[in-house]
Structures are given as C-alpha cells and as structure tokens.
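Quick note: the sequence shown uses our numbering, first residue 6, plus one each step. Written out below as structure tokens is the structure these notes cover.
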Amino acid sequence: MGWLVKWRLISRPPWVKGCPLPATMCQIDHADGWADGGPTDLANLGPACQFHNRDRYRRPERYQRHRTGKDRWTYTYLSHTDRARVSSVIKGP
Ligand SMILES: [Zn+2]
C-alpha cells in the first residue's frame, strides 16, 4: 500500500464510533475481511485501533456497520441490550 493511500486512510476518523484513539495510532482494517476476499482498496479500508480491529473479527455480532459515504463506513459497538434488540428485529417477534 502506497504512502498516499495510507495518508488518505489515517486522515479519516477511526471507524468504530466512540474509539478514543486517533487514526494515526490505528491499524488499517478491512470492512469486508481480507481472508473472505475483501479487496485492499480505499473503498474497503479504514482506520481501527488494534483492539477494535481484532474484536470486530472475533465478535462481529457486537458491531453494526453503517455506510456513511460512497466508500466510507463506520461501526457502532452494540451493548448487550442493543444486540438483543437487533437480534429480535432480525428474528421477528
Ligand atoms: Zn478502537
């Protein structure tokens, strides 16, 4: 990955809402996982701290993905209560 691409990525805010780390201290994360065929390009990459990068892959049910632009994503970390609500919406009453 070239320096210009990295610069463009770390000039974005970290994509997990509420993460206290600045993007300059983040890793470059794939929205669609690299191991699952997610491309390494600007439309699929964003800054995430080491904790959120790993936690999102280990516990994807804890994160809700939002499109915020043509090639921009953010994630909301769901509390236990939020996860129960999302699960009941998906499954229905
Ligand atoms: Zn974080």
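C-beta: ideal position from N, C-alpha, C; glycine also.
If we count the other Cβ atoms within 10 Å of its Cβ and call it buried at 16 or more, is residue i buried or exposed?
| i | result |
| --- | --- |
| T79 | buried |
| V21 | buried |
| Y68 | buried |
Smallest Cα separation from residue i: which of the options?
| i | options | result |
| --- | --- | --- |
| M30 | L9, I15, A36 and D60 | I15 |
| R5 | V94, F56 and P19 | Residue 5 lies beyond the range of the chain shown here (6 to 98); nothing can be said about it. |
| H35 | A48, Q69 and H85 | A48 |
| V10 | P27, L50 and D41 | L50 |
| H71 | R63, D46 and L83 | L83 |
| G38 | M6, L26 and P65 | P65 |
| A53 | T73, P44, G23 and G42 | G23 |
Could you check where the beta strand (DSSP E) with residue i kicks off and where it finishes?
| i | result |
| --- | --- |
| A53 | L50 to A53 |
| R13 | Premise fails: R13 lies in the alpha helix (DSSP H), W8 to I15, not in any beta strand (DSSP E). |
| T45 | Run containing T45: none; DSSP gives neither H nor E here. |
How would you write the range of the alpha helix (DSSP H) that residue i sits in, first residue to last?
| i | result |
| --- | --- |
| T73 | Element bounds for T73: not the alpha helix (DSSP H) but the beta strand (DSSP E), Y68 to G74. |
| T104 | Outside the displayed span of the chain (6 to 98) sits residue 104, for which this structure offers no information. |
**Prompt:** Okay, do the region 26 to 40 and the region 58 to 70 touch, 3+ Cβ pairs below 8 Å being the bar?
**Reply:** Taking a contact to require three or more Cβ pairs closer than 8 Å, the region 26 to 40 and the region 58 to 70 qualify as touching.
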